[in-house]
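Take a look at the structure set out below.
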Amino acid sequence: LVATGARADLAGRRVVVSAGGTREPLDPVRFLGNRSTGRQGVALARAAAERGAQVTLVAASVATDVLAGLPVGVDVVPVETGAELRTAVRTAASDADVVVMAAAVADYRPQSAADAKLKKSGGSTTLTLVETVDVLRELVTDPPRDGQVVVGFAAETGDADGDVLDHARAKARRKGADLLVVNPVGAGRGFGTPTNEITVLDRAGDVLASAAGTKLEVAHTVWDLVVPVVDTRAA
Ligand code: CTP
Ligand code: CA
172 LVATGARADL AGRRVVVSAG GTREPLDPVR FLGNRSTGRQ GVALARAAAE
222 RGAQVTLVAA SVATDVLAGL PVGVDVVPVE TGAELRTAVR TAASDADVVV
272 MAAAVADYRP QSAADAKLKK SGGSTTLTLV ETVDVLRELV TDPPRDGQVV
322 VGFAAETGDA DGDVLDHARA KARRKGADLL VVNPVGAGRG FGTPTNEITV
372 LDRAGDVLAS AAGTKLEVAH TVWDLVVPVV DTRAA
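In structure tokens form, the structure reads like this:
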């Protein structure tokens with residue numbers, strides 16, 4: 172793919188984007204999942220390709236019609252579970268300049284997945300869940316390649332403990348990624364909608380910018396902020 176238009180500021184850069192939502196199996200027919208469609212991640216991959224990057228998209232259960240928004244030349248690695256996503260991201264990231272973790276990765280998975288379909292036995296039942304590896308955190312503490320730029324995403328709602336920005340600031344500091352892209356969710360915002368609104372924080376939790384628009388417009392705003400960090404790191 173040849174970068175067209177004014178921006179070719181990712182030419183020669185290798186970019187990994189994870190998108191979609193992981194599925195953690197309970198048995199051959201059931202899984203624990205989430206509402207992420209992968210549209211924002213696909214838009215980030217598309218925007219990076221438009222800017223000249225060589226892009227790998229690690230796609231967790233992203234529907235075919237959503238993947239159809241990708242330009243030719245983007246390498247798609249389909250995954251299902253968080254463990255598969257972790258392996259695929261780390262493999263692709265071994266020669267990447269930037270990793271963007273836009274996927275919604277399960278925090279917990281069922282302790283075991285049954286080989287045969289689980290049967291109803293009446294009354295109530297209990298699932299034992301175990302914590303998954305935090306892929307983003309691990310990219311920061313154990314980077315597959317020295318000096319690569321790591322970008323996290325956080326879908327946040329406000330609650331009794333604080334508003335969206337309070338939670339986002341704390342998460343930015345906790346995660347240690349170079350940038351954290353925050354989008355407010357709930358009440359018809361975020362999941363499955365064509366548009367998005369974001370605020371981008373640095374590692375210290377300070378706000379760098381806010382933007383709203385189509386997912387492709389928002390994606391370009393994210394790259395506008397990521398590119399200078401990549402250029403500084405590579406210099
Ligand atoms: N993430 C990850 N691996 C996980 C969980 C999350 O890589 N097992 C990444 C997501 O891809 C995202 C970022 O971490 O880039 C933030 O995810 P989020 O769910 O908002 O943060 P958590 O630390 O899991 O906190 P919580 O769910 O408790 O808000
Ligand atoms: Ca989480």
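Count the sequence shown with UniProt numbering and you get residues 172 to 406, in order. No residue lacks a Cβ here, since even glycine has one placed at the ideal position from N, Cα and C.
- Task: Apply the 10 Å Cβ neighbour rule to Q282 and answer buried if 16 or more other Cβ atoms are within range, or exposed otherwise.
- Result: As a first step, residue 282 must be located in the sequence shown, where it is residue number 111. It counts as exposed.
- Go through its chain and collect everything with a Cβ distance to A375's Cβ below 8 Å, but skip five positions before and after it. Taking the sequence shown and counting its residues from 1, one reaches residue 375 at position 204. So the qualifying residues of the chain are A343, R344.
- Message: Tell me whether K346, by its Cβ, gets closer than 8 Å to a heavy atom of ligand 1.
- Response: Walking along the sequence shown from the start, residue 346 turns up at place 175. At a threshold of 8 Å, K346 counts as near ligand 1, since its beta carbon sits closer than that to one of the ligand's heavy atoms.
- Query: For the alpha helix (DSSP H) that contains Q211, what are its first and last residues?
  - Reply: Locating residue 211 in the sequence shown gives position 40, counting from the first residue. Its alpha helix (DSSP H) spans residues 210–221.
- Query: Cβ of G376 within 8 Å of any heavy atom in ligand 1?
  - Reply: For the purposes of this step, residue 376 is taken as residue 205 along the sequence shown, with counting starting at 1. G376: no, Cβ never under 8 Å from ligand 1.
- Using DSSP with H/G/I as helix, E/B as strand and the rest coil, what is L228? The sequence position of residue 228 within the sequence shown is 57, counting from 1. L228: strand per DSSP, three-state reduction.
- Query: Considering only residues of the same chain and omitting the five flanking positions on each side of R316, which have a CB-CB separation below 7 Å?
  - Reply: Stepping through the sequence shown from its first residue, residue 316 is reached at position 145. If the five residues before and after R316 are omitted, its C-beta is found closer than 7 Å to the C-beta atoms of A264, S265, D266, A267, all from its own chain and listed in chain order.
- Query: Can the beta-carbon of A234 be found less than 9 Å from the beta-carbon of G209?
  - Reply: The residue labelled residue 234 in the question sits at position 63 within the sequence shown. The residue labelled residue 209 in the question sits at position 38 within the sequence shown. It is a contact, given that the beta carbons lie within the stated cut-off.
- Task: State the beta-bridge partners of A179 as determined by DSSP.
- Result: By one-based count along the sequence shown, residue 179 stands at place 8. Per DSSP, none; premise fails for A179.
- Query: In whole angstroms, what separates the C-alpha of G240 from that of L215?
  - Reply: Along the sequence shown, one-based indexing puts residue 240 at 69. Along the sequence shown, one-based indexing puts residue 215 at 44. Straight across, the Cα-Cα distance linking G240 with L215 is about 11 Å.
- Query: Ordered along the chain, which non-local residues of its own chain (more than five positions away) have a Cβ less than 6 Å from that of V248?
  - Reply: The residue labelled residue 248 in the question sits at position 77 within the sequence shown. Correct list, in chain order: V229, A259.
- Message: For a test of the three-state rule: what should DSSP assign to T403, helix, strand or coil?
- Response: The count along the sequence shown starts at 1 and reaches residue 403 at position 232. In the structure shown, T403 sits in a helix (DSSP, three-state: H, G or I).
- Around the C-beta of K346, are 16 or more other C-beta atoms found within 10 angstroms, so that it is buried, or is it exposed? The sequence position of residue 346 within the sequence shown is 175, counting from 1. Taking all protein chains in view, the Cβ of K346 is crowded by 16 or more other Cβ atoms within 10 Å, so the residue is classified as buried.
- List the whole-angstrom C-beta distance separating A326 from N354, where the pair is believed to meet the contact cut-off of C-beta under 8 Å. Stepping through the sequence shown from its first residue, residue 326 is reached at position 155. Stepping through the sequence shown from its first residue, residue 354 is reached at position 183. The Cβ separation is near 6 Å, so the contact holds.
- Item | Test item: CB-CB of E309 and R261 under 9 Å | Taking the sequence shown and counting its residues from 1, one reaches residue 309 at position 138. Taking the sequence shown and counting its residues from 1, one reaches residue 261 at position 90. Cβ distance < 9 Å, so E309 and R261 count as in contact.
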